[in-house]
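**Student:**
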Amino acid sequence: MTRRIPPGLIWVAPALSVLAALSIYPLLYLMKVSLTDAHGFTIAHYARLFQDRLFSVAAGQTLLYAAVALTLEFFLGLTLALLVDSLARGRALIRVGLLAPMLLPPVVAAVIWRLIYNPEFGVLNGMLRQLGVNTTSLTWTSGRTSAMLSVILVDVWQWTPFMFLLLTAGLQAIPAEPLEAARVDGAGYWQTLRDVILPLLKPVILLALLLRSMDLLRIFDQIFLLTQGGPGSATETVSLYIYRTAFRFSNFGYAAAMSFVGLLITMLAARGLLRLTVAVPAEPPCVSMRTDVIKLS
Amino acid sequence: MKTSLKYTAAFLALAAALAPIYWLVTISLKREIDQFASPPLWFSFTPTLRHYSAIFSHDAFGRYFLNSVIVSTCSTLIALALGLPAAYGLVRFPWPHDWARGIGFWILSNRMLPPIVTIIPLFLMLRELRLLNSLSGLVLVDVALNLPFVVWMMRGFIEDLPKEIEEAALLDGESRIGVLLRIVLPLVRPGLAATAVFCLIVAWNEFLFALILSQTESAMTVPVGIASHVTQYEIQWGAMSAAGVVAMLPVLIFAAAAQRYFVRGLSLGALKG
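Heads up: the protein sequence lines correspond to chains H and U, in order. Position 49 of the first sequence, counting from 1, maps to 49 under my numbering, and the rest follow consecutively. Count along the second sequence from 1, then add 297; that gives the number in my numbering.
(1) According to the neighbour-count rule (16 or more other Cβ atoms, all chains shown, within 10 Å of its Cβ), is residue 51(H) buried or exposed?
(2) Residues of chain U with CB closer than 7 Å to the CB of residue 225(H), please, in chain order.
(3) Can you list, in chain order, the residues of the segment 246-257 of chain H whose Cβ is nearer than 7 Å to any Cβ on chain U?
(4) According to DSSP, what are the bridge partners of residue 36(H)?
(5) Within this structure, are the beta carbons of residue 373(U) and residue 491(U) separated by less than 9 Å?
(6) If you draw a straight line from the alpha carbon of residue 44(H) to that of residue 264(H), how long is it in whole angstroms?
(7) Given that residue 536(U) touches chain H, what residues does it touch there, using C-beta distances under 8 Å?
(8) Quick one: residues in its chain with C-beta nearer than 7 Å to the C-beta of residue 317(U), no 5 flanking neighbours on either side, listed in chain order?
(9) For the segment 260-272 of chain H, enumerate the residues whose C-beta is nearer than 9 Å to any C-beta of chain U, in chain order.
(10) Unbroken alpha helix (DSSP H) runs of length 4 or more, entirely within the segment 319-391 of chain U: which are they?
(11) At 4 residues or longer, what runs of the alpha helix (DSSP H) sit wholly inside the segment 82-169 of chain H?
(12) Could you tell me how far apart the beta carbons of residue 368(U) and residue 432(U) are, in whole angstroms, since I believe they sit closer than 8 Å?
(13) Closest to residue 120(H) by CA distance: which of 109(H), 107(H), 136(H) and 108(H) is it?
(14) Which value, in whole angstroms, describes the spacing of the CA atoms of residue 605(U) and residue 539(U)?
(15) Quick check on residue 100(H): buried or exposed, where buried means 16 or more other Cβ atoms within 10 Å of its Cβ?
(16) Taking Cβ positions only, does residue 218(H) come closer than 9 Å to chain U?
(17) Report the option in 188(H), 254(H) and 105(H) whose CA atom is closest to the CA atom of residue 225(H).
(18) I think residue 342(U) touches residue 331(U), with their Cβ atoms under 8 Å apart; what is that distance to the nearest whole Å?
(19) Consult DSSP for residue 282(H) and reduce its assignment to one of helix, strand or coil.
(20) Could you check how far apart the C-beta atoms of residue 166(H) and residue 207(H) are, in whole angstroms? I think they sit under 8 Å.
(21) Whose CA, out of 253(H), 269(H), 178(H) and 107(H), lies closest to the CA of residue 195(H)?
(22) When the Cα atoms are used, what is the spatial distance from residue 211(H) to residue 503(U)?
(23) Ignore the nearest five residues each way along the sequence and tell me which others in residue 266(H)'s own chain have a CB closer than 8 Å to its CB.
(24) What are the residues of the segment 123-153 of chain H that lie near chain U, defined by any Cβ-Cβ distance shorter than 8 Å?
(25) Is there a Cβ of chain H sitting closer than 9 Å to that of residue 468(U), yes or no?
(26) Considering just the uninterrupted stretch of the alpha helix (DSSP H) at residue 498(U), what are its terminal residues?
(27) Measuring alpha carbon to alpha carbon, tell me which of 505(U), 419(U) and 455(U) ends up nearest residue 31(H).
(28) Taking only the alpha-carbon atoms, compute the straight-line gap between residue 275(H) and residue 467(U) and give it to the nearest angstrom.
(29) Report all residues from its chain with a CB closer than 6 Å to the CB of residue 535(U); omit the five preceding and five following residues, and keep chain order.
(30) Apart from the five residues just before and just after residue 156(H), which ones in its own chain have a Cβ nearer than 8 Å to its Cβ?
(31) I need the DSSP call for residue 61(H), collapsed to helix, strand or coil.
(32) I'd like to know whether the C-beta atoms of residue 140(H) and residue 390(U) end up nearer to each other than 9 Å.
(33) Against chain U, with Cβ distances strictly below 9 Å, would residue 14(H) count as a contact?
(34) Which chain H residues sit within Cβ distance under 8 Å of residue 357(U)?
Below, the structure is given as structure tokens:
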């Protein structure tokens with residue numbers, strides 16, 4: 001190895017310094033904030049975490065939200081990807097339509113679902129009334145038990161398309177030969193799915209689950225805009241709780257400590273999921289999925 | 298499965314995906330009396346453009362719109378200007394061991410940081426620099442959001458180019474910068490355009506950073522502006538949905554322009570903050 005400075009460094013240096021200034025430095029700063037209070041060094045913020053019931057409630061609800069949404073989005077996305085892939089005509093058009101929700105700004109999705117969920121004038125209760133359902137108790141986002149379900153439903157609506165997109169790309173990348181071989185061997189649809197398609201799809205499935213769970217664990221926008229974490233703390237999540245602690249109550253030290261613990265949990269979760277990928281390729285699979293850019297048109 | 302059954306299922310899914318968006322559009326075009334009609338009016342109502350003219354004439358919406366345009370354009374341009382040379386440097390120069398991979402991964406790992414984690418120190422830092430409620434602060438954090446993405450996208454596109462043309466030009470006495478500007482840039486233009494579109498969408502949709510960094514009316518972007526009205530005037534459905542339609546139109550147009558690159562872009566989390 002030469003001791004010279006690599007010649008490419010000067011090309012990379014501007015980007016690296018901007019990123020360092022906007023990520024490494026802030027993280028160190030955050031650590032400092034989490035370890036100080038008005039009197040200097042302290043670990044009180046971290047100690048408080050273990051006694052804070054609201055934090056554990058928020059953490060539990062974040063996990064619940066992520067687990068339920070991930071499961072629903074995965075199975076729906078996979079079903080839809082397989083279904084649309086098997087259609088003879090109109091695939092391109094159906095795919096474009098199915099992807100639309102994912103593109104919307106989260107704030108627009110929230111506006112839409114407010115119009116839908118409004119107990120009195122919303123279209124959901126309006127349609128249910130048309131079907132003769134008594135809707136007086138159906139309060140959706142403002143009900144203590146229904147609020148969580150309602151925000152999960154919005155997530156499923158907006159982000160199942162993401163699963164659908166990745167899995168469709170994965171399906172299109174499966175070579176024809178093994179499918180042909182299965183057919184020649186007389187394998188039925190379910191057998192082909194279980195023994196040929198799903199194993200070949202595994203890397204894409206794991207990637208999709210990884211990316212989605214990272215996003216789900218940091219969920220903020222939709223919940224903030226639909227319920228603000230309420231009613232009570234029925235839809236409180238870790239991101240919302242950190243936001244409130246820092247920017248409503250100006251308790252930056254405690255918010256910083258929570259951020260660090262949250263970051264740790266997210267990273268461990270990501271690691272665990274990455275481990276599952278047998279023989280992780282040198283690059284994340286998303287970047288090597290060069291050839292299977294989805295054909296929409 | 299029977300073909301007709303399959304198509305029925307596919308169209309049901311399509312309806313579930315699109316009906317909510319369609320409903321938003323109809324509400325934005327309905328008079329108040331039709332908005333609250335029971336049973337809901339899906340098709341037969343008298344359309345009006347009054348809510349659209351209202352948001353652009355009365356509210357600060359024009360201001361939000363302009364802010365969003367400025368922030369997403371500037372942050373995209375800066376991210377491209379920093380990211381393209383970085384990608385080129387990583388691909389085309391000799392690096393000891395696997396430095397190139399290490400640096401690439403470190404850059405990508407920045408994208409994985411939850412925004413709520415980075416925003417707290419950034420807020421405190423920008424407060425000290427007196428850059429709160431200014432567009433430049435927001436541009437800065439959006440650059441940080443998009444830069445890793447630009448490097449990774451462009452890396453892939455540059456790797457796809459044949460090395461030989463560049464090497465020939467270097468032998469002819471062209472400088473490295475000349476090669477980048479005159480040979481690489483024209484060749485990667487489609488990829489660069491797609492990357493730019495994704496960056497624009499990310500910055501346009503971005504909510505959390507904008508919510509925290511711009512709290513005055515004059516610095517708000519469209520998402521934050523809408524959000525502040527959602528909570529204030531719950532009952533102004535017309536204005537709210539007209540604003541929503543205006544906010545989503547640019548994204549749908551941009552997305553149509555970049556649809557070929559959906560997978561590569563979106564799997565890197567292009568649309569998430």
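From the three backbone atoms N, C-alpha and C, an ideal C-beta is built for every residue, glycine too. Quantities reported herein were computed from a predicted structural model and do not represent experimental measurements.
**Tutor:** Looking at the coordinates:
(1) Translated into positions along the first sequence, residue 51(H) becomes position 51. When all chains shown are included, residue 51(H) counts as exposed.
(2) Here residue 225(H) corresponds to residue number 225 of the first sequence, with the count starting at 1. Within 7 Å Cβ-Cβ: 524 and 527.
(3) For the segment 246-257 of chain H, which is checked against every Cβ of chain U, the residues closer than 7 Å are 246, 247, 252, 255 and 256.
(4) Taking the first sequence and counting its residues from 1, one reaches residue 36(H) at position 36. The partner list for residue 36(H) (beta bridge, DSSP) reads 41(H).
(5) Counted from its first residue, the second sequence places residue 373(U) at position 76. Counted from its first residue, the second sequence places residue 491(U) at position 194. In this structure, the beta-carbon distance from residue 373(U) to residue 491(U) does not fall below 9 Å.
(6) Counting from one through the first sequence, the residue named residue 44(H) turns up at place 44. Counting from one through the first sequence, the residue named residue 264(H) turns up at place 264. Straight-line Cα distance between these residues: approximately 18 Å.
(7) Along the second sequence, one-based indexing puts residue 536(U) at 239. Correct list: empty, because the minimum Cβ distance to chain H is about 11 Å.
(8) Sequence index remark: in the second sequence, residue 317(U) carries index 20 (1-based). Cβ within range, chain order: n/a, list empty.
(9) 260, 262, 263, 266, 267 and 270
(10) 329-332, 347-354 and 358-389
(11) 91-103, 106-117 and 123-130
(12) Position 71 of the second sequence holds residue 368(U). Position 135 of the second sequence holds residue 432(U). Contact between residue 368(U) and residue 432(U) is confirmed by a C-beta separation of about 6 Å, below the 8 Å threshold.
(13) The residue you call residue 120(H) lines up with position 120 of the first sequence. Checked all of 109(H), 107(H), 136(H) and 108(H); the closest Cα to residue 120(H) is 136(H).
(14) Limits of chain U in this structure are 298 at one end and 570 at the other, which puts residue 605(U) out of reach.
(15) Residue numbering aside, residue 100(H) sits at position 100 when the first sequence is read from its first letter. By the 10 Å Cβ count, residue 100(H) comes out buried.
(16) The residue you call residue 218(H) lines up with position 218 of the first sequence. So yes, residue 218(H) belongs to the interface.
(17) One-based indexing of the first sequence puts residue 225(H) at position 225. Checked all of 188(H), 254(H) and 105(H); the closest Cα to residue 225(H) is 105(H).
(18) Here residue 342(U) refers to the residue found at position 45 when the second sequence is read from its first residue. Here residue 331(U) refers to the residue found at position 34 when the second sequence is read from its first residue. Indeed they touch by this definition, with Cβ atoms about 4 Å apart.
(19) The residue you call residue 282(H) lines up with position 282 of the first sequence. In this prediction, residue 282(H) scores a pLDDT of 40, lower than 50, which makes its location untrustworthy; no coordinate-derived value is stated.
(20) As a first step, residue 166(H) is located in the first sequence; it is residue number 166 there, counting from the start. As a first step, residue 207(H) is located in the first sequence; it is residue number 207 there, counting from the start. With a beta-carbon spacing of about 7 Å, residue 166(H) and residue 207(H) fall inside the 8 Å limit used to define contacts.
(21) Position 195 of the first sequence, counted from the first residue, corresponds to residue 195(H). Minimum Cα distance to residue 195(H) is reached at 178(H).
(22) If you number the first sequence from 1, residue 211(H) lands on position 211. If you number the second sequence from 1, residue 503(U) lands on position 206. Those two C-alpha atoms are separated by around 18 Å.
(23) Taking the first sequence and counting its residues from 1, the one referred to as residue 266(H) is at position 266. Correct list, in chain order: 214, 217 and 218.
(24) 123, 126, 127, 129 and 130
(25) Here residue 468(U) corresponds to residue number 171 of the second sequence, with the count starting at 1. False, the Cβ-Cβ gap to chain H never drops below 9 Å.
(26) If you number the second sequence from 1, residue 498(U) lands on position 201. Where residue 498(U) is concerned, the enclosing alpha helix (DSSP H) stretches over 486-502.
(27) Your numbering for residue 31(H) matches position 31 in the first sequence. If we check each option's Cα against that of residue 31(H), 419(U) comes out closest.
(28) For the purposes of this step, residue 275(H) is identified with residue 275 of the first sequence, where counting begins at 1. For the purposes of this step, residue 467(U) is identified with residue 170 of the second sequence, where counting begins at 1. Residue 275(H) and residue 467(U): Cα-Cα distance of roughly 43 Å.
(29) Stepping through the second sequence from its first residue, residue 535(U) is reached at position 238. Setting aside the 5 residues that flank it on each side, residue 535(U) is surrounded in the same chain by 348, each with a C-beta closer than 6 Å to its C-beta; the list follows chain order.
(30) Along the first sequence, one-based indexing puts residue 156(H) at 156. So the list reads 69, 72, 73 and 76, once near-sequence residues are dropped.
(31) Reading the first sequence from its first residue, position 61 is the one you call residue 61(H). In the structure shown, residue 61(H) sits in a helix (DSSP, three-state: H, G or I).
(32) On the first sequence, residue 140(H) is found 140 positions in, with the first residue counted as 1. On the second sequence, residue 390(U) is found 93 positions in, with the first residue counted as 1. No.
(33) Locating residue 14(H) in the first sequence gives position 14, where the first residue counts as 1. So, interface residue.
(34) Against the second sequence, residue 357(U) aligns to sequence position 60. Neighbours of residue 357(U) on chain H: none; closest Cβ ~16 Å, over 8 Å.
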